[in-house]
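Chains as they are written, first to last, in this note's numbering: chain A, 1 to 445; chain B, 446 to 655.
Note that the Cβ used here is the ideal one computed from N, Cα and C, for glycine as well.
None of the values given here were measured: they were computed from a predicted structure.
Heads up: the structure comes next, in structure tokens.
Rendered as structure tokens:
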């Protein structure tokens, strides 16, 4: 795996200077890491690509190659794989499509047996490639370079990965590793999860998949991995295929998706329904500790507080009542005089300034059975968003075991505050429901 | 795909300690009657055949048979309804009262044996109020599976109903889990209904598909 995620040398077979080709996208991205590793281009029909001389064959390269990336037409892939194997490269990524996914199983099987024989790990075929932002590796034809972060993203689909990268830039999400694993001829999803278990840069593993090669093996590995790292997953293809068993009750009721959900739940994988949730949840998991059930809500707007309570109830999140001690702590404060109802949610009332927020948040976190907090801030004319954000950042240090997620809602009015939160690893969501769902993912089963 | 014979089914249920209502299979009305008298009325009659998957839909099931006359009539009717079909025989079974639950298993191509639990009747037919687990599971997990369903409160005795023995239901689920891990030739299983009261759970209808 080291050859894949941190190669000292890369050879791209099928490098191209023609814009709008896969070979060009790959060449361009790989070259961006040329200060971190040696880069070689192979293309018998080109002399030079993007300023780098091309080799005719991989065997013509004298240096050792850690990672070979193949982006040539499907019909010659097999021969290139063989050449790569004979060259004893460390690992191979086949980007080219036109294999199992389009009915060409035979060719894929042949390639598989070649790499097995040479014991060389293979990613793909039919994939986008691999990215490792922390070592400046973009061995993919993704249209942009994502930020460094601590979310690992594994995707069966390449195109979807592109969309996610586009969105992540907008939402300021960073990645530790990104793999588009394609047809899984050799290395499969489970192998990558297993590897990421011990990857220090990865705090949470996010997965998009359509199907699993071996569901039971996946469960076995996932069960181990989630002991130290959370896994969040989204699966597409929910329609019921279980027609064969449809003569029985169990058969008709257990659609693929229900079975999948049960399996994920059993092995401790958090399953979500939308891509947005996948990353909302991953952001929370990457930055916040996990906790027991029991959440407090602090708000300066009654309406959003009530909405949050509704969503919590739907999600099975408990909201402990304030204890006598908490209430008397609040009663002692002059700031709280106007707050007549002291409960959970704690509505600080519209005119709450930051001092009142500070006391409210502190009181909630002091209470033993409140294990996490949602802080809502709506833009009233006097609200001090940025100051609120800074207070949250400070108090969090005092209670490192209790997760905090925020819902600072108000577009441009709150964006400087959101920046403060994000810089300090406190996730903010522009919607109460998202905040609730994300904290739900933090609650241990 | 066919339904396992009654004798084979019985062997399996016994092997995995899965309790089922007292049942025997007959090809003669007279023998059926004498067994029914031994069990005590009311009884249930139902056809058992390799290829009849929906026996009640073709008139292959008669319940609440109260005496000799009714049994004779039910026997004739079932025989007529299944005429020309290849059947193994007609089952005579004691009729138990209680809550009805359904427990099942199917093999999934990716995850292997999947266990299902739900309350019987409308809960499973219409509301599809069921829970799933991938086998194997232990009793604790089986209990969680029961408690996950919305209809669970009914088993706990909501609205003055009699409480059901949840422990016994969980034992059946675990038994089915063990069976599904070992008997790989079995494609799917439906225990529907399983009759449950305060003291026991008993499989009334079994359909094992191989």
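Listed by chain order, chain A residues near residue i by CB distance under 7 Å
| i | result |
| --- | --- |
| residue 577 of chain B | 254, 258, 259 and 262 |
Per-residue burial, residue i [other beta carbons within 10 Å of its own, 16 or more giving buried]
| i | result |
| --- | --- |
| residue 7 of chain A | buried |
| residue 499 of chain B | exposed |
| residue 90 of chain A | buried |
| residue 246 of chain A | With a pLDDT of only 42 at residue 246 of chain A, under 50, the local geometry of the prediction cannot be trusted, and no value is derived from it. |
| residue 465 of chain B | buried |
| residue 487 of chain A | This structure cannot speak to residue 487 of chain A, because chain A is shown only from 1 to 445. |
| residue 510 of chain B | buried |
| residue 356 of chain A | buried |
| residue 428 of chain A | buried |
| residue 244 of chain A | With a pLDDT of 45 at residue 244 of chain A, under the threshold of 50, the modelled position of that residue is not reliable, and no figure is offered here. |
| residue 544 of chain B | buried |
| residue 640 of chain B | buried |
| residue 242 of chain A | For residue 242 of chain A, the predicted structure reports a pLDDT of 42, less than 50, and the residue's modelled location is therefore unreliable. A value from the coordinates is still provided. The residue in question, residue 242 of chain A, is buried, as its Cβ has 16 or more Cβ neighbours within 10 Å. |
| residue 571 of chain B | exposed |
| residue 326 of chain A | buried |
| residue 303 of chain A | exposed |
| residue 25 of chain A | buried |
| residue 482 of chain B | exposed |
| residue 270 of chain A | buried |
| residue 606 of chain B | exposed |
| residue 2 of chain A | exposed |
| residue 603 of chain B | exposed |
| residue 230 of chain A | buried |
Contact check, residue i vs residue j, beta carbons under 8 Å
| i | j | result |
| --- | --- | --- |
| residue 391 of chain A | residue 350 of chain A | no |
| residue 404 of chain A | residue 317 of chain A | no |
| residue 67 of chain A | residue 139 of chain A | yes |
| residue 525 of chain B | residue 505 of chain B | no |
| residue 41 of chain A | residue 12 of chain A | yes |
| residue 277 of chain A | residue 437 of chain A | yes |
| residue 10 of chain A | residue 30 of chain A | yes |
| residue 287 of chain A | residue 426 of chain A | yes |
| residue 36 of chain A | residue 27 of chain A | no |
| residue 655 of chain B | residue 449 of chain B | yes |
| residue 151 of chain A | residue 134 of chain A | no |
| residue 411 of chain A | residue 284 of chain A | no |
| residue 146 of chain A | residue 178 of chain A | yes |
| residue 353 of chain A | residue 342 of chain A | no |
| residue 165 of chain A | residue 121 of chain A | no |
| residue 478 of chain B | residue 516 of chain B | yes |
| residue 614 of chain B | residue 580 of chain B | no |
| residue 430 of chain A | residue 369 of chain A | no |
Chain B contact residues for residue i, given Cβ-Cβ distances below 7 Å
| i | result |
| --- | --- |
| residue 212 of chain A | 555 |
| residue 266 of chain A | 578 and 579 |
Closer than 9 Å at the beta carbon, the chain B residues around residue i
| i | result |
| --- | --- |
| residue 215 of chain A | 553, 554, 555, 556, 557 and 579 |
| residue 367 of chain A | None at all; the shortest Cβ gap to chain B is about 28 Å. |
| residue 382 of chain A | Per Cβ cutoff of 9 Å: no residues; residue 382 of chain A is ~46 Å from chain B at best. |
| residue 219 of chain A | 556 and 579 |
Is there contact between the region 284-294 of chain A and the region 454-461 of chain B, where contact requires at least three CB pairs shorter than 8 Å? no
On the three-pair Cβ rule with 8 Å, is the region 148-162 of chain A touching the region 203-215 of chain A? yes
Length-filtered (4 minimum) alpha helix (DSSP H) runs lying within the region 272-316 of chain A: 275-287 and 302-315
Just to confirm the assignment: which complete beta strand (DSSP E) runs, minimum length 3, are found wholly within the region 4-84 of chain A? 9-13, 38-42, 52-55 and 67-70
Do three or more CB pairs link the region 121-128 of chain A to the region 174-194 of chain A at distances below 8 Å? yes
What residue ranges within the region 339-377 of chain A form continuous alpha helix (DSSP H) runs of no fewer than 4 residues, ordered along the chain? Qualifying alpha helix (DSSP H) stretches, in chain order: 354-366.
Meets three-Cβ-pair contact criterion under 8 Å: the region 295-305 of chain A and the region 367-386 of chain A: yes
Report the residue ranges of all alpha helix (DSSP H) runs contained in full by the region 414-443 of chain A; include only those spanning at least 4 residues, in chain order. 415-423 and 432-442
What are the start and end residues of each continuous beta strand (DSSP E) run of 3 or more residues lying completely inside the region 77-137 of chain A, in chain order? 91-94 and 129-132
Quick test of the definition: if touching needs 3 or more C-beta pairs under 8 Å, does the region 549-562 of chain B touch the region 632-641 of chain B? yes
Report yes or no: do three or more beta-carbon pairs, one from the region 14-28 of chain A and one from the region 69-78 of chain A, lie closer than 8 Å? yes
What are the start and end residues of each continuous alpha helix (DSSP H) run of 4 or more residues lying completely inside the region 610-653 of chain B, in chain order? 611-627
Go through the region 453-483 of chain B residue by residue and report every complete run of the beta strand (DSSP E) that reaches 3 residues or more, in order. Those beta strand (DSSP E) runs which fall completely within the region 453-483 of chain B and span 3+ residues are 468-471.
Determine contact between the region 523-540 of chain B and the region 585-602 of chain B, defined as no fewer than three beta-carbon pairs at a distance below 8 Å. no
Is there contact here, the region 617-633 of chain B with the region 576-594 of chain B, by at least three beta-carbon pairs under 8 Å? yes
Touch check for the region 77-87 of chain A and the region 159-174 of chain A: three-plus C-beta pairs under 8 Å? no
At a cut of 8 Å, does the region 555-566 of chain B reach the region 210-218 of chain A through at least three beta carbon pairs? yes
Go through the region 133-165 of chain A residue by residue and report every complete run of the beta strand (DSSP E) that reaches 3 residues or more, in order. 137-140 and 147-155
Mind pulling the alpha helix (DSSP H) runs of 4 or more residues that sit fully within the region 561-602 of chain B? 567-570, 584-593 and 597-600
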